[in-house]
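Asker: For the sequence shown, my numbering puts the final residue at 210, and the numbers step up evenly by one. Think of the CB as a built atom: it goes at the ideal place given N, C-alpha and C, for glycine as much as any other residue.
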Amino acid sequence: GELPSGEQYNNFTKQVAHHSLVNERLHYLFQTFCSSSHPMAIMLAAVGSLSAFYPDLLNFKEADYELTAIRMIAKIPTIAAMSYKYSIGQPFIYPDNSLDFTENFLHMMFATPCTKYTVNPIIKNALNKIFILHADHEQNASTSTVRIAGSSGANPFACISTG
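1. Taking the continuous alpha helix (DSSP H) assigned at LYS171, which residues delimit it?
2. What residue range does the alpha helix (DSSP H) around PHE80 cover?
3. In the DSSP assignment, find the unbroken alpha helix (DSSP H) run with LYS61 in it and report its ends.
4. Starting from GLN121, trace the alpha helix (DSSP H) both ways and give me its first and last residue.
5. Within the continuous alpha helix (DSSP H) that includes GLU150, where are the two ends?
6. When DSSP builds the beta bridges, which residues end up paired with THR162?
7. Where does PHE139 fall in DSSP's three states?
8. To the nearest angstrom, how far is the alpha carbon of PHE80 from that of PRO138?
9. Just how far apart, CA to CA, sit GLU71 and SER189?
10. Would you grab the beta carbon distance between ASN172 and ALA64 for me? Rounded to a whole angstrom, and I think it's under 8 Å.
11. Reducing DSSP to helix, strand and coil, say where LEU68 ends up.
12. Closest Cβ-Cβ distance between ALA127 and chain B: below 8 Å?
13. Considering only residues of the same chain and omitting the five flanking positions on each side of TYR164, which have a CB-CB separation below 7 Å?
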């Protein structure tokens with residue numbers, strides 16, 4: 048691959064921020080889970096349910112690849128934060144498009160409606176590196192499962208939820 052230009056990078060990060068909000072109806076899905084449910088189980092169901100919000104992807108075409116990837120990159124941290132917040136009994140925190148990707152994730156995880164979360168730059172830097180390592184973890188069981196599901200032409204959100 049090749050690194051993006053500054054303009055391409057800025058455009059990409061703006062698109063990710065723009066798509067980080069999930070449909071309000073997804074909030075109701077969380078209420079169907081027992082409060083003691085594991086956050087990963089909740090997240091799996093929520094990511095899979097995104098296929099219901101994007102039915103046009105049942106006929107997934109190459110032209111849809113980039114926007115779908117951006118939606119996944121944007122929405123999965125929001126869903127992860129929602130899963131965590133639900134598991135600890137706190138209200139969901141909406142994304143803040145003025146923050147960068149990692150700051151926004153930390154904001155959604157640790158802010159509350161009455162308390163702003165101040166991002167520690169050391170934690171942000173470490174988490175950025177963890178995200179990069181996680182994104183580049185190569186072939187493992189979950190990656191293989193997603194690739195197999197994806198090769199069937201199924202809705203991409205349903206495929207991602209398999210891994």
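Answerer: Walking through what the data contain:
1. Its alpha helix (DSSP H) spans residues 168-182.
2. For PHE80, there is no enclosing alpha helix (DSSP H), as DSSP gives it neither H nor E.
3. Following the DSSP letters along the chain, one finds LYS61 inside the alpha helix (DSSP H) bounded by residues 53-65.
4. Inspection of the sequence shows that residue 121 is occupied by Ala rather than by Gln. Taken as a continuous stretch (DSSP letters only), the alpha helix (DSSP H) holding ALA121 covers 112-134.
5. DSSP places GLU150 inside the alpha helix (DSSP H), whose first and last residues are 148-157.
6. THR159.
7. Residue state, collapsed to three classes: coil.
8. About 15 Å.
9. Taking the straight line joining both Cα atoms gives about 28 Å.
10. ALA64 and ASN172 do not touch by the CB rule: their CB atoms are close to 20 Å apart, not below 8 Å.
11. In the three-state reduction of the DSSP assignment, LEU68 falls in the coil class.
12. Judged by its chain identifiers, the structure shown contains no chain B, having just a single protein chain.
13. Excluding sequence neighbours, TYR164 sits near LEU153, HIS154, PHE157, ALA158.
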